[in-house]
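Okay, structure first, notes after.
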Amino acid sequence: MSRKRHCTALNSPTSELEAVCAPKQASNPTAALQQRSESAEEREQCLTAMREKRASKQAAEPAAEREQCLAATREKPEERERRLAARREKHAIKQATESAEEREQRLAAMRERAALHLEAESAEEREQRLVAMRERAALHLEAESAEEREQRLAAMRETAKCQQATESAEEREQRLAAMRERDACQREAESSEERHIRLASIRERYACQRDAESAEERHIRLASMRERDACRRDAESAEERQARLAAKRQQRARATAMRGQELTATNRGQIHWQAEEREICLAARREKHAIKQAAESAEQRERRLAARREKRASKAAAESAEEREGRLAARREKCASKAAAESAEEREGRLAPMREKRAIKQAAESAEEREQCLAAMRETAACQREAESAEEREQRLAAMRVRAACQQETESAEKREQRLAAMRETAACQQETESANEREQRLASMRERDACRRDAESAEERQARLAAKRQQRARATAMREQELTATNRGQIHWQGSGFDYNPHHLYSSNKHVVIGRMDKVCSHCNAKKWAGEAPGMCCSGGKVKLDKLHDLPPFLKSLLCDHTDDSLHFQKNVWKYNNAFMMTSFGATANLTDMGFFTTFKVQGQVYHRIGSLMPASGEPVYSQVYFMNNAEEQMQRRCQLNSGVQPAIIQQLQEILHSVNPYVHSFKYALEHIDVPDHKVVIDADKRPAGEHERRFNAPASCEVAIIMVGEDHGKRDIILKKKDAGHMRITETHRSYDALQYPLMFPHGENGYCINLPQVSPATGAPARTGKVSCKDFYAYRLM
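In the numbering used here, the protein residues as written are 20 to 805.
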């Protein structure tokens with residue numbers, strides 16, 4: 020070997036050492052054959068021996084001679100670049116001509132060699148290698164063009180996708196765990212500045228992705244996120260849930276602290292600029308949310324609100340008392356700042372929707388819900404008043420006085436009278452329920468307050484107060500005289516006690532209870548009443564006049580009035596028999612409870628009725644669908660199957676009666692026989708359809724007037740729309756005229772109309788319909804009951 024080649028081999032790594040030895044091996048076929056047949060272990064031993072030989076030879080030669088040799092053999096940058104380019108070209112040609120099997124063998128050998136190197140290297144060597152790789156990768160990334168970068172990222176994405184598609188569940192879990200561990204190590208080692216840059220980059224990337232995604236992609240992404248979160252939360256234990264909520268609270272606290280530090284570190288100009296930018300961002304977000312909420316359906320909106328309520332409830336249940344107090348304090352501070360900065364017009368615009376929303380909510384809530392709300396408000400007010408200082412209390416009372424004075428100045432005489440009456444009623448209720456100690460405290464407080472007020476009043480104010488007091492006493496005396504003239508003292512004591520009726524008390528044994536006979540007859544509707552009842556409670560003084568109800572069929576009347584075994588059985592189970600024939604289903608937004616002395620249903624929530632199609636879309640027929648089964652025997656068996664404890668003989672006779680006299684059964688049968696196209700519908704009008712409607716649009720059965728067959732979509736919002744087959748159910752409005760007849764067919768076997776909103780009042784003198792004034796729901800049912 021020449022001197023130059025010897026020096027080159029001394030300074031070459033193993034791969035280059037093999038390349039140097041390659042010409043000699045190629046010239047010796049026997050050596051090449053031996054090299055191919057030797058094992059990896061023998062080859063490694065050979066290379067180790069060669070490296071030791073060269074190392075000993077290098078150590079024996081003088082340093083000056085070695086330096087001269089290295090200087091003579093050190094190649095120039097141009098030569099090195101040409102050599103590397105030639106090698107790359109040679110490798111590219113070789114890789115282009117190799118078969119798939121040869122390529123796989125080459126890559127496997129490279130992976131094996133790399134694995135051996137990685138196992139043998141020390142921690143220092145590994146760090147040096149990784150640093151060199153990072154530097155080389157950074158240089159490549161800086162030098163590559165945008166097109167090359169896009170190609171590289173696309174290739175990486177494709178490779179990752181192929182790897183993820185072929186990996187097993189265990190490999191995927193290992194990969195994700197390694198990624199999580201690597202991310203955790205990186206985040207622990209990064210500085211606050213690097214973390215800020217990383218989060219900003221993530222937000223920017225997410226924003227770009229969300230701006231570029233379509234509505235369908237966004238829907239898929241959100242659905243996937245919800246599903247993933249739901250699965251994760253379903254699978255987590257109580258400890259994991261607590262840890263997650265604690266981490267979330269800690270993250271929010273860090274974010275709040277960082278925002279506070281940023282605001283503290285910047286000047287007012289920067290704060291103002293940030294506030295403007297934040298306002299623009301919030302306005303865009305509000306607009307985006309408004310567009311989204313306007314496009315969502317009622318069901319989607321309900322799901323969103325339910326999820327928000329559940330999320331708030333979970334968050335409130337998990338937070339501690341200190342966290343809750345901090346949250347409420349921050350909210351109060353935020354609301355106070357916002358209210359202080361808004362103008363009078365903005366304040367009025369904010370309060371008006373709130374008042375309207377509160378009025379709607381109060382009108383829809385039940386008495387029990389209202390009581391619960393008022394109790395919560397009283398408790399909250401009591402807690403706030405206990406915690407407030409003397410100065411805050413004085414400010415609150417002063418604001419209340421100013422507000423009350425403004426309201427009293429603008430209210431009308433009628434509103435003032437209503438307010439005073441409500442105040443008197445509230446005070447009377449409070450005084451009835453208060454204890455002796457509470458009463459004494461109240462009177463002492465009133466005396467102290469009156470004494471302070473009288474000490475502070477002027478002579479003119481005192482004269483005005485005394486005059487008003489004399490006038491008030493005169494009115495009270497006159498009212499007491501009128502009450503004493505109308506009734507005796509015993510009747511005053513028992514006034515109103517009938518509303519708290521107790522069946523265990525014998526009212527007739529009390530001499531003050533004088534009910535009398537029901538011998539007072541209304542001159543307009545002939546309703547019988549007691550002497551003390553209001554004259555207009557039956558028919559509003561002749562303004563309400565309804566059609567008479569038909570007489571009950573003889574068999575049904577005997578079941579209700581007689582005392583035979585069948586009648587007693589029917590009277591005891593009348594609700595089961597009604598359920599067997601009702602055409603609509605009964606429901607409520609809360610559970611029904613049977614409580615009290617009498618058999619009474621108490622419903623907390625809203626009651627509603629629903630009706631399905633004429634024929635079942637799938638499954639067995641129910642409710643009105645039973646009327647259209649093949650024969651009477653199948654109908655009777657189906658009703659007995661759905662309602663246990665009824666007698667088939669009674670069911671069969673009642674079934675024959677309803678098929679004979681009920682107009683809804685007739686109309687549904689007629690409709691079922693004549694609906695032969697998909698767009699035909701059966702419509703039960705909420706109000707009677709006026710005579711003279713175009714006959715090409717409506718084809719009413721000749722036997723009755725309760726239903727029509729209609730083509731098209733021209734119907735009212737409150738109408739009942741039935742199809743031949745449909746899986747859905749329609750909710751019937753309470754003001755529909757068929758509301759009672761469809762639910763209680765045994766009470767209204769002839770299908771008489773119930774209450775609807777367009778019933779006109781009549782003139783008491785002539786009996787003609789009045790131009791103004793409609794019959795209210797209370798007046799309608801009062802007329803029917805009396």
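Ideal placement from N, C-alpha and C gives every residue a C-beta, glycine not left out.
- Going by C-alpha positions, Asp759 is about 34 angstroms away from Glu315.
- In the three-state reduction of the DSSP assignment, Gly345 falls in the helix class.
- Per DSSP, the unbroken alpha helix (DSSP H) holding Ala128 starts and ends at Ala119 to Ala139.
- Excluding residues up to 5 positions away in sequence, Glu338 lie with their Cβ nearer than 8 angstroms to the Cβ of Arg346 in the same chain.
- In the three-state scheme derived from DSSP, where H, G and I count as helix and E and B as strand, Gly792 is classed as strand.
- In the DSSP secondary-structure assignment, Val421 is not bridged to any residue.
- By the CB criterion at 8 angstroms, Tyr802 and Cys557 fall inside the cutoff.
- Look at Lys334 here: in three-state DSSP terms it is helix.
- Looking at the DSSP output, Pro779 bridges to Lys793.
- With fewer than 16 neighbouring CB atoms inside 10 Å of its own CB, His215 falls in the exposed class.
- In the DSSP assignment, Val684 is bridged to no other residue.
- For Met655, same chain residues with a beta-carbon under 7 angstroms away, outside a window of 5 residues either side, are Pro667, Ile670, Gln671 and Gln674 in chain order.
- Here the C-alpha atom of Arg145 lies approximately 26 angstroms from the C-alpha atom of Gln182.
- Annotation: the continuous alpha helix (DSSP H) that includes Leu761 extends over Tyr758 to Gln762.
- The alpha-carbon of Ser233 is positioned some 24 angstroms away from that of Gln170.
- If you compare the alpha carbons of Glu653, Glu212, Val593 and Pro372 with that of Pro764, the shortest gap goes to Val593.
- For Ser220, the enclosing alpha helix (DSSP H) covers residues Ser211 to Ala231.
- Contact annotation, Gly792 with Lys562: C-beta distance approximately 7 angstroms; criterion of less than 8 angstroms satisfied.
- The secondary-structure analysis by DSSP pairs Val540 across a beta bridge with Lys547.
- Annotation for His159: the continuous alpha helix (DSSP H) segment containing it runs Ala142 to Ala162.
- Between Tyr596 and Val665, the gap from beta carbon to beta carbon is short of 8 angstroms.
- Excluding residues up to 5 positions away in sequence, nothing lies with its Cβ nearer than 6 angstroms to the Cβ of Arg245 in the same chain.
- Nearest to Pro768 by alpha-carbon distance, out of Ala82, Leu575 and Cys300, is Leu575.
- Rounded to the nearest whole angstrom, the CA to CA distance from Leu691 to Arg658 is 21 angstroms.
- Residue nearest to Lys564 within the set Ala432, Arg125, Met805 and Ser663 is Met805 (criterion: CA-CA distance).
- With a 10 Å radius around the Cβ and a threshold of 16 neighbouring Cβ atoms, Ser559 comes out buried.
- In the three-state DSSP reduction, Ala784 falls in the coil class, being neither helix nor strand.
- Take the alpha-carbon of Glu60 and the one of Thr67: they are about 11 angstroms apart.
- Here Tyr802 carries a helix assignment [DSSP, helix/strand/coil].
- Within the same chain, Cβ atoms closer than 6 angstroms to the Cβ of His569 are found at His769, the five residues on either side in sequence being excluded.
- The three-state reading of DSSP puts Asp570 in coil, since its state is none of H, G, I, E or B.
- In terms of Cα proximity to Pro573, the closest of Lys547, Ser542 and Leu677 is Leu677.
- In the three-state scheme derived from DSSP, where H, G and I count as helix and E and B as strand, His678 is classed as helix.
- Taking C-beta atoms as the reference points, Arg438 and Glu342 fail to come closer than 8 angstroms.
- DSSP, read as helix, strand or coil, puts Asn772 in coil.
- The straight-line gap separating the alpha-carbon atoms of Ala139 and Glu97 is approximately 34 angstroms.
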